[in-house]
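*Asks:* According to this note's numbering, numbering within the sequence shown proceeds without interruption in unit steps and concludes at 509.
We treat Cβ as the ideally placed atom computed from N, Cα and C, and that holds for glycine.
Everything numeric in this text was worked out from a predicted model, so none of it was measured.
Please read through the structure below; I'll follow up with questions.
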Amino acid sequence: MTKTRVIAALIMAPAAIAAILLLPTNWLAAAAALVFLIGLWEWLRLAGIDGLPRTVLLTLNLLLMVLLVWADAGNGALYPLTALIGVAGWVLALAWLRFPKAGSANQSAGRMGKLLAGSWAVIPAWAALVLLHMHADNGPLWLLTALATVWAADSGAYFAGRALGKHKLAPSISPNKTWEGLAGGVIAGIVVAVGFGLIAGTGVTQLPGLVAVALVTTLFSVEGDLIESLLKRQAGAKDSGTLIPGHGGVLDRIDGVLAALPVFAIGKEIAGF
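Laid out in structure tokens, this is it:
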């Protein structure tokens, strides 16, 4: 399984980096929409939505993306607003982690909350991705910085947790996560963010702002991972899907990204780097 995961990662990572650096924003937005909607398709399955309703809901989210592009043409104001709404949603989602049994019963209200949460996670993350990439000053590099921060935090947490992990972070949601892993992930995320940020053009005086944004971004990426783990636990599923060999589903790969991108995009605007 480890060999399969490594091979899949060696294929996916260069493809993602090439797309970010080489594609114009409109083409990247289309490609990202496809990936995110596949993740939403898996989210809806975990939420207990299947058959025709799942297809209809996915189509409505696609139409929402198209509407956002159309309404924001030549303006640029709707993308940051949508990303900000996403940040607010992830702040509210902290309550779900505090009360993880909420929505566990297979009832209409619980399914409705989960499907709304799926749209609230996917649409703002996609808007934040477009917002970062379309930035006039090294936009592709800033998007790569945001994603590399999440990837580094995920890897740092994994290795630090395996080597040092003793204290469980959220045993009722994700038993393998530890506070030591969280610390390792935060450190790795900040280091990588600073390195990529300097390449993207961050000045020395802007580094404290970048470090602060990277810190919050990594913490939110962990929240995204925990929320998906909670979804899977309530659905009785090990993975969100089987599309990616050795990695499970698409949602398993982008859960942290969904929470992190809006935070990084809004943080970048506030910090001004």
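Tell me, please, whether the stretch 404-423 touches the stretch 461-470 by the rule of three or more beta-carbon pairs shorter than 8 Å.
*Replies:* Yes, the stretch 404-423 touches the stretch 461-470.
*Asks:* Tell me the DSSP bridge mates of LYS350?
*Replies:* LYS350 pairs with nothing; no bridge assigned.
*Asks:* Classify LEU259 as helix, strand or coil using the three-state DSSP reduction.
*Replies:* LEU259 falls in the coil class under three-state DSSP.
*Asks:* Whole-angstrom Cβ separation of ASP373 and GLY420, contact assumed at under 8 Å?
*Replies:* About 32 Å; that fails the 8 Å criterion.
*Asks:* Just to confirm the assignment, what range does the alpha helix (DSSP H) spanning LYS504 have?
*Replies:* Note, LYS504: alpha helix (DSSP H), 486-507.
*Asks:* Mind checking which residues open and close the beta strand (DSSP E) that includes ASN412?
*Replies:* Element bounds for ASN412: 410-414.
*Asks:* Which residue marks the beginning of the alpha helix (DSSP H) containing LYS468, and which one marks its end?
*Replies:* Where LYS468 is concerned, the enclosing alpha helix (DSSP H) stretches over 443-471.
*Asks:* Please report the residue range of the beta strand (DSSP E) in which LEU405 lies.
*Replies:* Note, LEU405: beta strand (DSSP E), 404-406.
*Asks:* To the nearest angstrom, how far is the alpha carbon of LEU303 from that of LEU270?
*Replies:* Going by the C-alpha atoms only, they are around 16 Å apart.
*Asks:* Under DSSP, the alpha helix (DSSP H) around VAL440 begins and ends at which residues?
*Replies:* Note, VAL440: premise wrong, no alpha helix (DSSP H); not H, not E.
*Asks:* Taking the straight line between their C-alpha atoms, what separation do you get for THR261 and ASP488?
*Replies:* About 25 Å.
*Asks:* Taking the alpha carbon of GLY283 as the reference point, which residue from ALA331, ALA345, LEU328 and LEU246 has its own alpha carbon closest?
*Replies:* For clarity, residue 283 is Ala in the given sequence; the question names Gly instead. Of the listed residues, the one whose Cα sits closest to ALA283 is ALA345.
*Asks:* In chain order, what residues of the same chain have a beta carbon less than 8 Å from the beta carbon of GLY439, not counting five sequence neighbours either side?
*Replies:* Answer for GLY439: PHE509, listed in chain order.
*Asks:* For PHE432, which residues of its own chain have a beta-carbon under 6 Å away from its beta-carbon, when the five flanking residues on both sides are left out?
*Replies:* Cβ within range, chain order: THR381 and ALA384.
*Asks:* Should the stretch 284-299 be regarded as contacting the stretch 313-321, the criterion being three or more beta carbon pairs within less than 8 Å?
*Replies:* Segments in contact, no.
*Asks:* Buried or exposed: which applies to PHE543, given that a residue is buried once 16 or more other Cβ atoms fall within 10 Å of its Cβ?
*Replies:* Outside the displayed span of the chain (237 to 509) sits residue 543, for which this structure offers no information.
*Asks:* Report yes or no: do three or more beta-carbon pairs, one from the stretch 386-405 and one from the stretch 358-374, lie closer than 8 Å?
*Replies:* In short, these stretches do not touch, since the Cβ pair count stays below three.
*Asks:* Kindly identify the DSSP beta-bridge partner or partners of ILE480.
*Replies:* Its beta-bridge partners are GLY484.
*Asks:* So, is SER340 buried or exposed, given that buried needs 16 or more other C-beta atoms within 10 angstroms?
*Replies:* Exposed is the call here.
*Asks:* Closest to PRO331 by C-alpha separation, out of HIS371, ALA507 and GLU459, would be which residue?
*Replies:* Here the sequence assigns Ala to residue 331, which means Pro is not the residue at that position. Checking every option, the nearest Cα to that of ALA331 belongs to GLU459.
*Asks:* Between which residues of its own chain and GLU505 is the CB-CB distance below 7 Å, once the five residues before and five after are set aside?
*Replies:* Contacts found: PRO316.
*Asks:* Which value, in whole angstroms, describes the spacing of the CA atoms of LEU418 and TRP387?
*Replies:* The alpha-carbon atoms of LEU418 and TRP387 are separated by roughly 13 Å.
*Asks:* Straight-line CA distance for LEU246 to LEU377?
*Replies:* Approximately 20 Å between the Cα atoms of the pair.
*Asks:* When DSSP labels each residue in this structure, what does HIS369 get in the three-state scheme?
*Replies:* Three-state DSSP puts HIS369 in a helix.
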